[in-house]
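Student:
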Amino acid sequence: MESLFSCFDKFNAGNYIIRHINENDYEDIYSIYGDAEVMKYDIGNLLKSLDEAKNSIETIHRGILNKWFIRWAIIDKYTYEFIGTIAFHHFEFDKHKVQIGYNLKKSYWRRGIMSDVLKLTIDYLQSNSLLETIEASIDDENVASVKLVEKLGFKLSNRENNKLIFTKKLI
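Taking the UniProt record's numbering, the leading residue of the sequence shown gets 1, the next gets one more, and so forth.
1) Are the beta-carbon atoms of residue 16 and residue 77 separated by less than 8 angstroms?
2) Does the structure place the stretch 115–124 close enough to the stretch 149–159 that three or more beta carbon pairs sit under 8 angstroms?
3) Roughly how many angstroms lie between the CA atoms of residue 159 and residue 142, to the nearest whole one?
4) Can you tell which of 37, 98 and 60 has the C-alpha that lies nearest to the C-alpha of residue 167?
5) By DSSP, does residue 130 sit in helix, in strand, or in coil?
6) Determine the DSSP secondary structure at residue 77, reduced to helix, strand or coil.
7) Check each candidate in 79, 164 and 50 and name the one with the smallest Cα separation from residue 140.
8) Considering only residues of the UniProt domain "N-acetyltransferase" (16–171), which uninterrupted beta strand (DSSP E) runs meet the minimum length of 3 residues and lie entirely inside it, listed in chain order?
9) Going by other Cβ atoms of all chains shown within 10 Å of its Cβ, with 16 needed for buried, is residue 59 buried or exposed?
10) Alpha carbon to alpha carbon, what distance is there between residue 30 and residue 49?
11) Measuring alpha carbon to alpha carbon, tell me which residue in 115, 73, 147 and 102 is nearest residue 40.
12) Here's the rule I'm using: 16 or more other beta-carbon atoms within 10 Å means buried, otherwise exposed. How should residue 26 be labelled?
Set out below in C-alpha cells:
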C-alpha cells in the first residue's frame, strides 16, 4: 500500500486532472482553505494568509515524504484552473485502509464534479494500489457529503460524536 505514495505523478479523471500540489499553488490553496464556508465541516485550520498557504504546501510535501498523508490538486482539464483537493490520510498500512477527504472551491459546488473525481480516483487506486478499504469521516450535518459517499457505494459503519464513518470495500 505504500506504493500509493508513488503510484502516479498525475492522471486524468474525466474532465479533470489529479496531480501533485506544488509550491506555485499557494494562492489556490488559500482560496480553498481560507474560505470559512468551504472549511465549515473540515477539521483543518482556516488559513488566514498566503504565507500560511505556503507553509501548508510545505506540510503537504512533508506528509507525502514521511508517508503521513497525501493531498492532490484537482485541475479543470480545459481551463487548467485549480478547483479543489483530494486527500488520503489516517493510513492503516497493515489493514490496507485509508481515509479520504476532499474540498472544492465554492464556485464549483453542486455540479457533480466531486462525484466524478472521487469515482475515477477510487477506480484508479483500486487498479494501481493494494488498497482494500476507504473510509470517509463526515460531520453529521454535512448532508451533501453524506449523499456523495452514499452515491459512491460507501456504507455507514460507525458514529463517533458528531462524525459519521462511511466505509467502502474495494475487494
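C-beta: ideal position from N, C-alpha, C; glycine also.
Tutor: According to the data block:
1) Taking 8 angstroms as the cut-off, the beta carbon of residue 16 is found closer than this to the beta carbon of residue 77.
2) yes
3) 14 angstroms
4) 98
5) coil
6) coil
7) 164
8) Within the UniProt domain "N-acetyltransferase" (16–171), the beta strand (DSSP E) runs of at least 3 residues that lie entirely inside it are, in chain order, 16–20, 70–76, 82–92, 97–104, 133–139, 155–160 and 163–169.
9) exposed
10) Taking C-alpha positions only, residue 49 is separated from residue 30 by approximately 7 angstroms.
11) 102
12) buried
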